[in-house]
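K.L.:
In the numbering used here, the protein residues as written are 49 to 712.
Beta carbons: idealized from backbone N, C-alpha and C, even for Gly.
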Amino acid sequence: MLFRRIVFTACCAVALVLAVCNYRPASVRAGEGFQPVSPEELKMTSEPLAPGAPAIILYRQVDRDDNGRTSHEDNYVRIKILTEEGRKYANVEIPFFKVNGDVVHVRARTIKPDGSIVEFGGEVIEKSLVKGRGVRYVAKTFTLPDVEVGGIIEYSYTYDLQEHLIYDSNWILSEDLFTKKARFSLKPYTNANTYIPINLRWSWHDLPVGADLKQGPDRIVRMEVSDIPAFQSEDFMPPADELKSRVDFIYSDELPAKDADSFWRTVGKKRNSQLEGFVGKHKAMEEAVAQIVSPNDPPEVKLRTIYDRVQQIRNKSYELQKTQEEEKREKEKPAENVEDVWKRGYGNGMQLTWLYLALVRAAGFEAYGCWVSDRRNYFFNPVTMQSAKLDANVVLVKLNGKDIYFDPGAEFTPFGMLTWFETGVQGLRLDKDGGTWIRTTLPASAESRIERKAKLKLSDTGDLEGKLTVTYTGLEAMYHRLDVHHADELARKKFLEDRVKSQVPVAVELELTNQPDWSGSETPLVAEFDVKIPGWASNAGKHVLIPAGVFSGTEKHTFEHTNRVHPIYFEYPYEKVDDITIELPPGWQVSSVPPEQGKDGHVVAYSLKVENGKDTLHLTRKLTVDFLMLDSKYYTALRNFFQVVRTGDEEQIVLQPGAASASN
């Protein structure tokens, strides 16, 4: 089932905890009454500014109230269905961060082309989307009834935020549908409600022409905007919210700064003070290090041994979320410093990374705590002075004149690597003077690798069958382990089998035959399969043809579109390497093999070689992607490269069957 996803970044930033002494009651919810439908809206059959659109948003309203006690955001959407394809927007998905609040007061209705109304009375279902590092990302989903072409659907809901907290927020203007009219408002938090001085700043990106953004005498920030183009989603593009038209609201308890340099100096000093207060248990850490490493161990051995020991500590950030009652029963108090984490034997991901910092310092290394920018949802720019966007912590260690970054608090992260969204990003290396800007390293493609090695037999009926071993290393292994961290054995088995099935361009039968190591960080993830590809060979007169690329399914449809709007963006560099031996049926001969393929595009490379070994074929293939992001002006060259890949993979090996097979 296809669900319409409503972009929701209202609570992705760090919250400020408030000491609230007074508050005003929340305003009347926007969703308590729907607006009347005009005859013009019912008669509409198309939108000239969005030709061919399956549906358009007639009206959208977002009203945010940051009162600090009952903070909430009311949302209302009205959609006109223009084509049969547009009926899919009856399936609604509202993503949100469970840790910060809940989606409540969901109301919806369908308006038929004749103006009759069908109220939504179905079930609103909550489903998990993503879990990781202490954040639970979920969605409320529902389906509106009796939706017809020419009709209208509308729904409203409230994002109910946690009490005594305020959050940075966004107005995301761009949706996947053209928006005819939208209104936004923000009632900011006021310092009258608390002893803590809170400042609000806002900035914007790519606002449509005519957008009217202003703050009234009542301090409410309002904006009206019309004719917002639909956002065009593309494969391998940067985070959508980074590209969309938006307004960002940033709360801060820091004093206003005259420029970005002084702002970040203040932030750096404050965070360094907090960090040193947490890690400054030198005697306890020296005693702990003495239990982990020997003074005579080489430096890298010490770093690795301490790293392994920290990753053995219970990481609460990756545990299944518990109810408040379960947490109360366990009575686990939050750690106040690294000594608490070490003695108790548990901590969250951030605390474990800071524990590693304290231990390597105690072992005599020059090491720094760093706050870097997570690039999953946005790209960091110091000019905007958004300290909450430095939201991932890593450790920098100086070793043999090199800077090496570590994050043992990220589950399954190999030694000397960072989780992908912490790589190639800007950050602040903390010190007492306010810190120094750094950029984390981007791993080389060879460090994250998928290697497929197969010994197969071709039957005289054209089936390909045998053994396959797939080895995942680096970030490829890490994310496979994370994807099924809490799954059972059967689900893990299906996960690996489905991964391979997606890589073969035709139907394939396979079964996992070993028990991979799911618990390690350093060890590759190795999966062994019995595999069968029915009808792999095809007849061509007196000859039989088989394609040169066996595991080319992923690249078969990569960058097929002629035009490109957004930059090309990969999460991390990677390599795919295939080594395949195919045993031919008795009496069969190789008539011809395709010429050796090779294409080096500097940041991408491809090679394919087919060798005739009399009774066998030996196929070797390698694909390398070694960049993070390319401007859209390079799309044509990249698209041409992947066309070379597809052409090479589809090259045919010509076989001559034996006499008996030929007669059959």
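So, is W402 buried or exposed, given that buried needs 16 or more other C-beta atoms within 10 angstroms?
P.N.:
Buried: at least 16 other Cβ atoms inside 10 Å.
K.L.:
Would you call Q764 buried or exposed, if buried means 16 or more other Cβ atoms sit within 10 Å of its Cβ?
P.N.:
Only positions 49 to 712 of the chain appear in this structure, which leaves residue 764 out of reach.
K.L.:
Rounded to the nearest angstrom, what separates G180 and N363 at their Cα positions?
P.N.:
For G180, the pLDDT reaches just 44, beneath the cut-off of 50, and the residue's location in the model is therefore unreliable, although a value from the coordinates is still provided. Those two C-alpha atoms are separated by around 11 Å.
K.L.:
For R487, which residues from the same chain have a beta carbon less than 8 Å from its beta carbon, with the 5 sequence-adjacent residues on both sides left out?
P.N.:
Result list for R487: G472, V473, Q474 and G475, in chain order.
K.L.:
Taking 6 Å as the limit between beta carbons, can you name the residues of its chain near V483, skipping five residues before and five after?
P.N.:
Looking at the sequence shown, residue 483 is not Val but Gly. Within the same chain, G483 has close Cβ partners G316, L476 and R477.
K.L.:
Is the beta carbon of T629 less than 9 Å from the beta carbon of L667?
P.N.:
Cβ distance < 9 Å, so T629 and L667 count as in contact.
K.L.:
Let me make sure I understand the geometry here. Which of P553, H533, Q434 and E570 has the alpha-carbon closest to that of L523?
P.N.:
Nearest C-alpha to L523: E570.
K.L.:
How would you write the range of the beta strand (DSSP E) that S507 sits in, first residue to last?
P.N.:
It is not in any beta strand (DSSP E) - S507 carries neither H nor E in the DSSP assignment.
K.L.:
In this structure, how does DSSP classify I165 when only helix, strand and coil are distinguished?
P.N.:
Strand at I165.
K.L.:
Please report the straight-line C-alpha distance between A336 and E387, rounded to a whole angstrom.
P.N.:
The straight-line gap from Cα to Cα measures roughly 9 Å.
K.L.:
Less than 8 Å between C-beta atoms, sequence neighbours within five positions excluded: which residues of the same chain meet that for I268?
P.N.:
Around I268: S233, L234, K235 and P236.
K.L.:
In whole angstroms, what separates the C-alpha of N429 from that of L303?
P.N.:
N429 and L303: Cα-Cα distance of roughly 19 Å.
K.L.:
Checking the sheet assignment: what are the DSSP bridge partners for K175?
P.N.:
Note: K175 sits in a beta bridge opposite A187.
K.L.:
From what residue to what residue does the beta strand (DSSP E) around V420 run?
P.N.:
Residues A415 to V420.
K.L.:
Measuring alpha carbon to alpha carbon, tell me which residue in T602, K604, I581 and E603 is nearest I594.
P.N.:
It is I581.
K.L.:
In whole angstroms, give me the CA-to-CA distance for F413 and K292.
P.N.:
Cα-Cα distance, rounded: 44 Å.
K.L.:
Which two residues bound the contiguous beta strand (DSSP E) that contains L665?
P.N.:
Taken as a continuous stretch (DSSP letters only), the beta strand (DSSP E) holding L665 covers T664 to V673.
K.L.:
Check whether the region 649-657 and the region 671-686 are in contact - that is, three or more C-beta pairs closer than 8 Å.
P.N.:
Verdict: yes, contact present.
K.L.:
Given this structure, state the Cα-to-Cα distance separating V445 from Y355, to the nearest angstrom.
P.N.:
Taking the straight line from one Cα to the other gives about 12 Å.
K.L.:
Name, in chain order, the residues that DSSP records as bridge partners for E499.
P.N.:
Its beta-bridge partners are T519 and V625.
K.L.:
Just how far apart, CA to CA, sit E557 and K542?
P.N.:
If I take the Cα positions, the gap works out to 12 Å.
K.L.:
Taking the CB atoms as reference points, tell me whether G597 and D697 lie closer together than 9 Å.
P.N.:
Yes; because the gap between Cβ atoms is below 9 Å, this pair is in contact.
K.L.:
Can you tell me whether M465 is helix, strand or coil according to DSSP?
P.N.:
If DSSP states are grouped into helix, strand and coil, M465 belongs with coil.
K.L.:
DSSP three-state label for K160, please.
P.N.:
Note: K160 maps to coil in three-state DSSP.
K.L.:
Pull up the distance between the alpha-carbon of H614 and that of D224, whole angstroms please.
P.N.:
Those two C-alpha atoms are separated by around 15 Å.
K.L.:
Per DSSP, G81 forms a beta bridge with which residues?
P.N.:
None, per the DSSP bridge assignment.
K.L.:
Relative to the C-alpha of S365, which residue among H534, L130 and I127 is closest?
P.N.:
Here the closest residue by C-alpha is H534.
K.L.:
For S496, tell me which candidate among V110, H528, G510 and S421 has the shortest Cα-Cα distance.
P.N.:
Comparing Cα positions, the closest option is H528.
K.L.:
Can you tell which of V140, I701, P456 and V443 has its C-alpha closest to the C-alpha of V658?
P.N.:
The option with the nearest alpha carbon to V658 is I701.
K.L.:
Given this structure, state the Cα-to-Cα distance separating K624 from S281, to the nearest angstrom.
P.N.:
Computed Cα separation, rounded: 26 Å.
K.L.:
Curious, which full-length alpha helix (DSSP H) runs of at least 4 residues does the region 328-399 contain?
P.N.:
Here the runs fully enclosed are 330-340, 347-359, 372-378 and 386-392.
K.L.:
Decide yes or no for the touch test of the region 501-521 against the region 564-579: beta carbon pairs closer than 8 Å, at least 3 of them.
P.N.:
Touching, yes, given that three or more Cβ pairs across the two stretches are closer than 8 Å.
K.L.:
What residue does the beta strand (DSSP E) around N218 start on, and which one ends it?
P.N.:
N218 -> beta strand (DSSP E) spans S217 to I220.
K.L.:
Expressed to the nearest angstrom, what Euclidean distance is found between the alpha-carbon atoms of P642 and E699?
P.N.:
Their backbone Cα atoms lie some 6 Å apart in a straight line.
K.L.:
For a quick check, are the C-beta atoms of Y520 and V574 less than 9 Å apart?
P.N.:
The answer is yes: Cβ separation under 9 Å.
K.L.:
Between K503, Q109, F690 and I220, which has its C-alpha nearest D626's C-alpha?
P.N.:
The shortest C-alpha separation from D626 is found at K503.
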